[in-house]
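Chemist:
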Amino acid sequence: MMRVARLEADGAASKIAAFGLATASLAINLAATRGPPSCFGDSAWYYHLALVGSFLSGVAQVAAAVWVADDPRGRHAIGKKIVYASIAPLAIAVSLTGAALLW
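Each residue of the sequence shown is one higher than the one before, counting from 2 in this note's numbering.
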């Protein structure tokens, strides 16, 4: 039974790390290779603010994955909540990538 709980918690930690790495790498890629799309107009600071927020949330997700992996049985429930919360920053980074590619 303990082995199953550890495997489930390790799965949550690896999902958190994967979402975090994807979010941070998308934000870095956009910041390094693309300027703000024309759809943002003169207020490109929204774009940069979203990039910074996505990058920082990705880094925080990787740190949370390390934290969850440190005590997998005790932090399994929190790890699942972090996985669900990490979908929003990833969706923001993906939508910014789509906007940058289309405009």
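Quick reminder that beta carbons are idealized off the backbone N, C-alpha and C, glycines included.
1) By the DSSP assignment, the alpha helix (DSSP H) with Asp-71 in it spans what residues?
2) Do the segment 34–48 and the segment 81–91 meet, that is, are 3 or more Cβ pairs less than 8 Å apart?
3) DSSP three-state call for Ala-14: helix, strand or coil?
4) Ala-94: buried (16+ other C-beta within 10 angstroms of its C-beta) or exposed?
5) Hey, how far is the Cα of Arg-74 from the Cα of Arg-35?
Modeler: Let's see:
1) 46–71 is the span of the alpha helix (DSSP H), which, as asked, contains Asp-71.
2) The segment 34–48 makes no contact with the segment 81–91: fewer than 3 CB pairs, one atom from each, lie closer than 8 Å.
3) Looking at Ala-14 - three-state DSSP - the assignment turns out to be helix.
4) Ala-94 is buried by the Cβ-count criterion.
5) Linking Arg-74 to Arg-35 through their CA atoms gives a straight-line distance of about 42 Å.
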